[in-house]
Amino acid sequence: MIIASNVTKRFSDVVALDHLSCKIPDSCVYGLVGANGAGKSTFLRLASGVYQPDEGSIVMDQQPVFENVGVKKRCVFVADDFWALPHADMKRMADLYAAAYENYDYKRFQALTREFGLPADRPLTSFSKGMRRQAATILALCTGAQVYLFDETFDGLDPVMRTVVKQKLYDEVFDRGATVIVTSHSLRELEDTCDQLALLYKGGIVLESDVGELKTSICKMQVAFNGEYDASKFEGLDILSLHKQGSVSTLIVRGDKAESRRKLEAMEPLLLEVVPITLEEIFIYEMEALGYAFRKGEIEA
Amino acid sequence: MKMLKETLRKTAVVGIPLLAVTLIFTLVDGGQSCFGEVRLTQSLSTFTLLPILRYYVFAAAIFAFYGFSFLFTRKLSDVYHSLPVKRSDLYFSVTLSTAIWMGGTIVLNALELLAIYLLSGCPFVPAYFPLSVLYYFVASMIVYAASAIGCALSGTVVTALASAGIVLFLPRFLQFMLARGIVERVTIVGWLDFGALLDPTTNAATGIVAEYLRPVYASRLITMPHILYSLLPMLAMLAIGYVLFARRPSEIAQKNGGYRVWTVATATLMAFTVMLPITMNHRRVFSVYGAVLMLAALAVFFVYQLIVSSKMQQVLKTLPCFLIALFAVLGVSLLIDSAADSMTDTAPAATEIESVTFRGYDEKDDDPVYSTLLVCDVEFTDDETKEYVAQALKDAVAALKKQTDDYDYYDYNYNMYQAIEPITIKLTNGRTVKRTIEFANVDELNELRMKNEAFADAVLSYPPFDSVQYLRVDKSFTQEENEAIYKSYVAEATANGVTSGYYYRSRSEDMLPDGSYVVQGDHQSLTSISEAGYIGTQRYSDYSTLRLETPETASLTMRIFNAYAAENPADQISGVIKLFETGETARNDSLNLNFSIYNYPDESGALVQEYEGFYLSQYSMESETNYDQLQREYMQKFVDAISGATLTDDPSGMFIQLFWSYYDTANPSEDGYYGQPLAFLRFEDPADEQAFLDLITEWEAKQRAVTY
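Sequences listed follow chains A and B, in order. First residue of the first sequence: 1, per this note's numbering; consecutive thereafter. First residue of the second sequence: 1001, per this note's numbering; consecutive thereafter.
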């Protein structure tokens, strides 16, 4: 388990992370969403031991990460823009990783490069952005790490390759019990991937939740009644948001969907319809409930 | 270990080309030195042994910057710092791989040159090889350590370079400027009169730079004390580099600002460095020179910070730091003034002197004469010498104090009797004073010094034969012949109390007819003996003039020369002259004919060595000038005159040394040398000798009368 406690990181006058706390359980895919500058990359660099926190601590299995080789051997960081040694090909980079990760799996490296169709002996500088990300993912997967830290790795991959990469990560989680932490500025990118999602905003996690639970605990319904009515009509329901337009109201209701529907049906509405809700909407409504004022699209860069 | 192998592999991109380039250079340079004709006479110090390594040591900076290149790009820095490798392992993997590449290259170059020396039979000092390897390695690692500190302190290559430059050079540059300032002000203090702290050659890496500025240090640069002296800063700098690297926040990668405080400090130190030359003479602060330096320093201060931070407002706020640099420079100047005054005022009385040592007139040379190696250890404790030296020092100080301004330097009044020598004075209070002062009369000085038995022995000593590596009298002689002459000379000179070098022989003002001075005995010399070798790690190189004062050796030498000469050289020369007369020679062919007549009575009756020379070519044959016509006529007369002389090995009475060369373009010489062996001739018939003397008189009279 990775535990961040009151982590603060400053760059000159800029506070990148401000007393951030979170717990990332083992064997899950943990998504970090936030706009540019929210602190996602900084968090990953702290979690991988690249940076040292100015305040607070970040521990992996109860041990600090920074300058702790034992802990760092169990995690691998893949930056948003993969860098390679000058003129290096994938084999050369595999050697670099192998120098640091004693259990580096060369057989798997060969198998994965074949599977991804990447030329392992071609200079990485000749690779496209997407190919470089695939290469970085392959190189990381062969380290045998328990924790993968991916910084916006899915961005730049085509849909087919994105699916393949995601599947590889799932395999790591299911087969080896690995933990994957992945960041993105796009919630849509992560909503079908992660077990847990956290929203980073201005250096702090403003919302952290299990995705499955989030999706089943909130529903969106449209109802219409004869005559005038107001919010008091929906007493007994945990309403996160209500938008009334004429006789039609759009409700965001927290709680069991069937139970909420049953309660509304009991009010004999002219219209009752459960409408699909996106994860982004759920985030926005939850945030509104917490006092943050987001508009649709704002939590994406 | 794995990271070391990985870093070695990474730095191989730099290491292999540099290794190849240095090996090729050493092969070419060493080959030229050892297989070329000049090889035997070349001056050799440890510093001149592997010239490419003087430049190569600074390649350690390339290894540092390449090895730590990941610190200057955020992405690279992230990758490296995310790897499960301790910072200490990262630092030491770069350090060790640099040490392996640098050390390996240095060792391989040394081994390659050693092989060349052994194959060619070129003389060398074996100890120079391990000394060179150690010295260049220590120098390399100092350069590396300074670069590593620069990299650890900075986020970009520009700031790292500036930082590394300051760390490497500023302390030594300051030291150099302190010494320079004192030497400028106190001209009786030489560079080698300073202690280790002000000696610019002591630090291995910067000593190389100092040598470029002052080539006199070459022989003193690569020594074990300097190597040991440099080890400490090397280790300290490596340790500082490690501490800074371990504490370096990885987020400063690619940030020009890096540590803001260090950026301002770097700019201030750079400005200080640029202004330091003002301290050579603090009055120059108020001159154009001072103004230019200050403006340059201000420009450096601003431009550097603007490149690094790009914020004018921020830079302007740091202006007080520039003033700090300026005041620091003035402080250094005052410090130099104070030290210079103290040194100028040091003129101990004879009673305060415990002993005096003359370190040798040529102590700065790469290869001093053998006697210098002995003389420098002789201590004079007698009152006469102490008084003489005390007075000489007082005179020098008085002359120095007469300076009216900074441009009126202590004026050495050069004449044939004047000598400038480095001395070491040990005072009764335990202090040691080193000065380089003028002695008005070297004959007087030598006479005084020769009273000291140890000194006289040293001056009259010859190198032990087993230490001699190179010995030559003439290129055509065999080694056995050279050795025979040398051994004969040493035995005879030792028996006769003859010193080989010119320096300790008395000057004789009126020895030559033209009034020019000559060292006693040099007015008649046959040839010279060159020998070089080493004692311990110190090379020596002696050049002994073979004079008539060692007649047995002169006779032996004449005999050996004559063995190589033609029985009757006059016939050969006449044959060549005929070729010119009949036009059978090429346009560029030439004939040089020289006579040295020994024991020739000059106008005053003194026996001297008289020279007569002739030159003939197609151009001079066709020339209608009076002189060329006269030369053609008298050349043949001289040749005809010596046809009656026979080869001789008797150096008494009048005899002739004949040297001639025929430059024949149709038959080029393999080594470019066209000279014929020397021949020593004598007239058996006194009438022939008188005729020859008359011919000389006639020829000289004609020359004086000729119009050109």
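A virtual CB, placed ideally from N, CA and C, is assigned to each residue, including glycine.
Asked: Ser-1082 (chain B) at chain A interface by Cβ criterion, 9 Å; Found: yes
Asked: Start-end ranges of the alpha helix (DSSP H) lying completely within the region 1586–1631 of chain B, minimum 4 residues; Found: 1618–1622
Asked: Anticipated Cβ contact below 8 Å, Phe-338 (chain A) with Pro-269 (chain A), distance rounded; Found: Outside the displayed span of chain A (1 to 301) sits residue 338 (chain A), for which this structure offers no information.
Asked: The region 115–132 of chain A / the region 148–162 of chain A touching (three or more Cβ pairs under 8 Å); Found: yes
Asked: Secondary structure of Ser-1476 (chain B), DSSP reduced to three states; Found: coil
Asked: Tyr-1634 (chain B) vs Trp-1699 (chain B) beta-carbon contact at 9 Å; Found: yes
Asked: Reduced DSSP secondary structure (H/G/I, E/B, other) of Glu-1698 (chain B); Found: helix
Asked: Separation of Lys-257 (chain A) from Glu-265 (chain A), as counted between CA atoms; Found: 12 Å
Asked: Proximal chain A residues relative to Val-1468 (chain B), where beta-carbon distance stays under 9 Å; Found: Here the premise fails: no neighbours, minimum Cβ distance about 54 Å.
Asked: Contact set for Ala-301 (chain A): own chain, Cβ-Cβ below 6 Å, skip 5 residues either direction; Found: Confidence in Ala-301 (chain A) is poor, its pLDDT being 38 and thus under 50, which makes the residue's placement too unreliable to answer from.
Asked: Residue nearest to Leu-1539 (chain B) in terms of C-alpha spacing, selected from B:Ser-1082, B:Thr-1007, B:Lys-1364; Found: Correcting the residue identity first, residue 1539 (chain B) is Arg in this sequence and not Leu. Arg-1539 (chain B) has its Cα closest to that of B:Lys-1364, out of B:Ser-1082, B:Thr-1007, B:Lys-1364.
Asked: Proximity winner among A:Ser-57, A:Leu-149, A:Arg-162, relative to Asp-192 (chain A) (alpha-carbon distances); Found: A:Arg-162
Asked: Within the region 35–119 of chain A, ranges of the alpha helix (DSSP H) (whole runs, at least 4 residues); Found: 40–47, 69–72, 90–100, 106–116
Asked: Short Cβ contact (9 Å threshold) for Ser-1488 (chain B) with Thr-1550 (chain B); Found: yes
Asked: Nearest-angstrom Cβ-Cβ length linking Val-1125 (chain B) and Tyr-1534 (chain B), presumed shorter than 8 Å; Found: 4 Å
Asked: Ser-1342 (chain B) burial status per 10 Å Cβ neighbour count (16 or more: buried); Found: exposed
Asked: Segment contact flag, the region 1320–1337 of chain B with the region 1257–1272 of chain B, C-beta cutoff 8 Å, min 3 pairs; Found: yes
Asked: Presumed contact (8 Å Cβ cut-off) between Leu-1050 (chain B) and Thr-1026 (chain B), rounded CB distance; Found: 6 Å
Asked: Cβ-based contacts, 8 Å cut-off: residues of the region 42–63 of chain A near chain B; Found: Arg-45, Ser-48, Gly-49, Val-50, Tyr-51, Gln-52
Asked: For Leu-1579 (chain B), the nearest candidate out of B:Leu-1678, B:Met-1621, B:Leu-1170 (CA to CA); Found: B:Met-1621
Asked: Within chain A, partners of Lys-1002 (chain B) - CB distance below 8 Å; Found: Ala-98, Ala-99, Ala-100, Glu-102
Asked: Per-residue DSSP class, three states only, for Asp-1688 (chain B); Found: helix
Asked: Ala-1491 (chain B) versus Ile-1485 (chain B): straight-line alpha-carbon distance, rounded; Found: 10 Å
Asked: Neighbourhood of Trp-1191 (chain B) by C-beta, 8 Å cutoff - its chain only, sequence neighbours within 5 removed; Found: Ala-1179, Val-1183, Asp-1199, Pro-1200, Arg-1214, Val-1216, Tyr-1217
Asked: Closest by C-alpha distance to Ala-1645 (chain B), when choosing among B:Ala-1666, B:Ala-1566, B:Asp-1589; Found: B:Ala-1566
Asked: Gln-1657 (chain B) to Phe-1683 (chain B) span [Cα, whole Å]; Found: 12 Å
Asked: Whole-Å CB distance - Met-1003 (chain B) paired with Leu-1090 (chain B), under 8 Å assumed; Found: 7 Å
Asked: Cβ of Val-1300 (chain B) within 9 Å of any chain A Cβ; Found: no
Asked: Buried versus exposed, by CB contacts within 10 Å (16 or more), Glu-55 (chain A); Found: exposed
Asked: For Val-180 (chain A), the first and last residue of its enclosing beta strand (DSSP E); Found: 179–184
Asked: For Val-15 (chain A), the nearest candidate out of A:Lys-23, A:Gly-39, A:Met-1, A:Phe-150 (CA to CA); Found: A:Gly-39
Asked: Inside the region 190–244 of chain A only - beta strand (DSSP E) runs reaching at least 3 residues; Found: 196–201, 204–210, 218–224
Asked: Pairwise C-alpha distance: Ala-136 (chain A) and Glu-213 (chain A); Found: 32 Å
Asked: Backbone secondary structure at His-19 (chain A) - three-state DSSP; Found: strand
Asked: Short Cβ contact (9 Å threshold) for Thr-1279 (chain B) with Ile-1324 (chain B); Found: no
Asked: Cutoff 7 Å; reference Gly-204 (chain A); Cβ partners in own chain excluding five residues on either side; Found: Asp-18, His-19, Leu-20
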